Amino acid sequence: MLKGIGVDIVQNSRFEHMAQAVLERILTPYELSLAPQRGKEAYFASRFAAKEALVKALGTGFRGIQPRDINIAEDELGRPYITLGGDKAHLLEGLSVLLSLSHERDYSVAMVVLDGKD
Numbered sequence: 275m276l277k278g279i280g281v282d283i284v285q286n287s288r289f290e291h292m293a294q295a296v297l298e299r300i301l302t303p304y305e306l307s308l309a310p311q312r313g314k315e316a317y318f319a320s321r322f323a324a325k326e327a328l329v330k331a332l333g334t335g336f337r338g339i340q341p342r343d344i345n346i347a348e349d350e351l352g353r354p355y356i357t358l359g360g361d362k363a364h365l366l367e368g369l370s371v372l373l374s375l376s377h378e379r380d381y382s383v384a385m386v387v388l389d390g391k392d
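Taking the numbering used here, the leading residue of the sequence shown gets 275, the next gets one more, and so forth.
What follows is the structure, encoded as structure tokens:
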């Protein structure tokens, strides 16, 4: 049963000159370690869009959850997926989380679909 849908779009240029300290408040160490040298603005923007899309799908916004609690990873085929760290993992219990990321010129977009048993 569909439990939530969230979509977010981010202008890549927002991350063009962002200070490292700000990036470290938004992204996990894992996400920062995988940032490419070229096209990193789109990479950062898509990760932030995914975090925004998740909290929209959950219906919570960032109340009680911080961007760094949300980790955007990729499987061996490059498909993105979401995990929650520490004491936030319970928010996704019993849910399948589907994530799609896309980039087009100046923008990155993410969509999250939450599915679970009723």
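All C-beta atoms in this analysis are idealised placements derived from N, C-alpha and C, irrespective of residue type, glycine included. Keep in mind that this is a model prediction, so the values were computed, not measured.
- Put simply, the backbone Cα of Leu375 is about 12 Å away from that of Ala347.
- The way I'd put it, the stretch 334–344 does touch the stretch 293–303; three or more beta-carbon pairs between them come closer than 8 Å.
- Across the set Ser370, Ala309 and Val281, the C-alpha of Val281 shows the shortest separation from the C-alpha of Ser382.
- Residues of the same chain with a CB within less than 8 Å of the CB of Ala324, apart from the 5 flanking positions on each side, are Asp282, Ile344, Ile346, Pro354, Ile356, Leu373, Leu375, Ala384 and Val386 in chain order.
- When the alpha-carbon of Met292 is set against those of Ala319, Glu305 and Ser307, the nearest one is in Ala319.
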